[in-house]
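Below: one structure, written as structure tokens.
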Amino acid sequence: MKYFFYILLFVAACSCTDTNPKINNETLTPVPFQEVKLMDSFWLPRLKTQKQTLVPFALGKAQPAVDNLRKTADFLKGIPGELPFPHRYIASDLYKIMEGAAYLLAIERDTALERQMDRIIDIIADAQQADGYLYESHTTGVSKNADHWGGAGMGDKPYSWVVHSHELYDMGHMYEGAAAYYQATGKDKWLNVAEKNARHINHVFFEGDPNYNNGKPVNQAPGHEEIELALVKLYRVTGDTLYLGMAKRFIDIRGVTYRPEGQWVMAPEYAQQHLPVREQTKAVGHAVRAAYLYSGMADVSALTGDMTLRPALDSIWHNIVDTRMHITGGLGAIHGIEGFGPEYLLPNKEAYLETCAAVGNVFFNQRMYLMEKNGKYADVAEIALFNNVLAGVNLEGNRFFYVNPLEADGQTPFNHGRRGRSPWFGTACCPSNLARLIPQVPGMMYAYTGDEIYCSFYAGSEVCIPLKNGKVKIVQQTGYPFDENISITVDSLAVNQEFTLRMRVPTWTDSQFVPGKLYHYIDKKHENPEAFLNGKKLHATVKNGFISIRKKWKTGDKVTLHLPMPLHYTCAIDKVEDDRGRVCLTRGPLVYCAEAADNKFPVSQAYIETLPENYTIETARDGLLKGIDFISVPAKAINDKAAKEEVTMTLLPYYAWDNRSDSTMMVWIPQIEN
Ligand code: FUB
Ligand code: ZN
């Protein structure tokens, strides 16, 4: 069966026919990232950085995880030697980096990288027990001497402490990596390991296996969600409904068969086990876990048509955007639990906002968008991606943020012991998430039904879309996110045909930066977006976040969308205490911040009293920040003689901060003297 699916994907990639497998007619089918040819100056350079720097660098850093697996394999083969060190999830970081590498291979085959992957895959396969179980610490028994954070909390035998052990979390990441590698190369060794493990988990958790849990089905959802959405991927690649059923089952039993009792990481809310998922209405607990759970719920709902999950998803989504999301799209404001705090508690300097949580926000909203065909979800995904996610890695691709505050003083450590970016972390979930998300971005740009093309993300690109009446090749031209204009030209059509072209008109073009009730523009500027067909203005209305043009198309037809990008000033609602009396400057989908490197006065002493109408935009012409638009506005600052002075404040996109030095940075600028 899996070969059949692979051939389908391969044929689709090569010839742009209608063969992409489509599971549910109600949802949009995304065009896979490897079928979108990027031709832009924003994402294409990032993809090059992924290939030349981030992924090789991360693979090097993940060597201890490879070593641990090798030692486990040796143990299973009876080869005497050192045992792995106990750790709950170090392998998951390796699997995620390998997933990212697989995506790069899907875009462009690379013999050396493939060989390196194959060598690691051989080790992974050898570290798997004959019955499918795969978890280094329990297989070798080192979990019994675990005495540190990475080791503690996994129990002393398989599946004995599912609430914290990360056994299923690790396997989820392995499934995603295996599925990606199979799709990229057609090689099924790793996929076989993944499927064998999934069948083993099904047996132990839902049927009962005499070797585990005294033969009784474990029937407990994992403490760290991930396997749910990964099982869906396994289903999509293999077509085996067992995996979709397992994903649904893990979601259905969450908060039902087991509820932790206690405080801190044992609090029922921490891993969203306080209620059955359909009764959950608010985003609570650990933010990465939450975002992965909501993504898995959206997947299951979309694929099975289970509408009973939708009210919970809708309510949780509103709770996030109305009360708990930073303007950068960051989730999980609170250090310690790495999670959601009380509603409206959105600190700036003390904010946690793990890079992984923003990645999870992108995953969740992208799924909601495809399922609901509503641009408001793509709006949130875009804000999270361009701001919090991209801030997670420097422009060179080898220094990272785990924690993403909206203010820094250049002195106080905030990033797991650092006052700026770090080359790696003991827990490397964030760099590895960046390794796999960025190559997938082109896959967020286009989606379709039988006779509709949805264009939701903008970047210069070429794509061939298999509509029901034949393929359509379109070319997009834009310098987004700095450019106000996007044009889409019909390059060729298999047959002249009628279809609807939909282009997203983001929330940030209207009266607020991002959906939800938290933030709104306070400036008066308002120019409406405009659309043109072959140069003639269209009177298209925006519905569900898109303008739509339905017609019989011919080669050369061109739609131009003008999305005005004035500098906007945003205020948060009064309930957000930390933003009171402050403004945030945005342009297009980008949050701007003031950083010491661009300003002669102390940034922390600066303020913007009245909202300046005038501002200048200057594009960096060379160096690392080349191509980035800087914005300058009149402001005031207190100088070193304690006197007020008129200054020009220069700001850069938040995603690009801390690329020159670890310095003072501020997103929410005071309106009065500090
Ligand atoms: O527990 C695995 C990962 O480590 C989580 O997703 C992150 O929040 C970090 O705690
Ligand atoms: Zn992380």
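Going by my numbering, the sequence shown opens with residue 2, and the numbers climb by one from there.
A virtual CB, placed ideally from N, CA and C, is assigned to each residue, including glycine.
Less than 7 Å divides the Cβ of Asp94 from the Cβ of Ala429.
Glu339 has its CB nearer than 6 Å to a heavy atom of the ligand FUB. If only uninterrupted alpha helix (DSSP H) runs of at least 4 residues are considered, those enclosed by the segment 87-133 are 91-108 and 112-127.
Going by beta carbons, Ala59 and Ala359 fall outside the 7 Å limit. With a cut-off of 8 Å on Cβ pairs, the segment 188-204 is in contact with the segment 132-139, counting three or more such pairs. Distance from the C-beta of Cys585 to the nearest heavy atom of the ligand ZN is not below 6 Å. Between the C-alpha atoms of Tyr353 and Pro406 there is a straight-line separation of about 6 Å. The beta strand (DSSP E) runs lying completely inside the segment 400-477 and spanning 3 residues or more are 408-410, 447-449, 453-456 and 462-468, given in chain order.
The beta carbon of Met445 lies closer than 6 Å to those of Gln367 and Phe458 in the same chain, with the five residues before and after it left out. DSSP, reduced to helix, strand and coil, places Ser138 within a helical segment of the structure shown.
Going by DSSP, Val560 is part of the beta strand (DSSP E) stretching over Lys559 to His563.
Tyr176 and Glu610 have their C-alpha atoms roughly 53 Å apart.
The Cβ atoms of Pro482 and Leu591 lie closer than 7 Å to each other. For a cut-off of 8 Å, the C-beta gap from Glu485 to Leu534 is around 18 Å, too long to register as a contact. Residues of the same chain with a CB within less than 6 Å of the CB of Ala636, apart from the 5 flanking positions on each side, are Ala607, Ile609, Val648 and Met650 in chain order. When secondary structure is reduced to three states using DSSP, Ser302 falls in the helix class.
A contact between stretches requires three or more CB pairs, one per stretch, nearer than 8 Å, and the segment 121-131 meets this requirement with the segment 63-81.
In this chain, the alpha helix (DSSP H) harbouring His201 covers Lys190 to Asn203. Taking C-alpha positions only, Glu83 is separated from Ala147 by approximately 15 Å. Counting other Cβ atoms within 10 Å of its Cβ, Pro343 stays below 16 and is therefore classed as exposed.
Nearest neighbour of Trp318 by Cα position, chosen from Ile335, Met298, Ala448 and Gly582, turns out to be Met298.
Under the three-state reduction of DSSP, Arg661 is assigned to coil, being neither helix nor strand. Met666 is positioned such that its CB atom lies closer than 7 Å to that of Glu596. The Cβ-Cβ distance between Glu227 and Tyr170 falls below 7 Å.
Counting only residues of its own chain and dropping the five nearest sequence neighbours on each side, Asp580 has a CB closer than 8 Å to the CB of Leu347, Asn349, Cys572, Ala573 and Trp669. The DSSP-derived three-state label of Glu83 is coil.
In this structure, the C-beta of Glu610 stays at least 6 Å away from each heavy atom of the ligand ZN. Contact check for Val233 against Ala248 passes: the beta carbons are separated by less than 7 Å. Per DSSP, the beta bridge partners of Lys552 are Phe500.
Around the beta carbon of Thr112, a 10 Å sphere encloses fewer than 16 other beta carbons of the protein chains shown; the residue is thus reported as exposed. Distance from the C-beta of Tyr90 to the nearest heavy atom of the ligand FUB is below 6 Å. Check the Cα spacing between Val219 and each of Thr258, His88, Tyr244 and Arg422: the tightest is with Thr258. Within the same chain, Ala292, Tyr295 and Ser296 come within 6 Å of Phe365 by CB-CB distance, once the 5 residues on both sides are set aside.
Counting along the chain, the unbroken beta strand (DSSP E) around Leu39 starts and ends at Val37 to Leu39. Checking the 6 Å criterion, the Cβ of Thr542 is out of range of every heavy atom belonging to the ligand FUB. DSSP places Gly340 in the strand class (E or B) of the three-state scheme.
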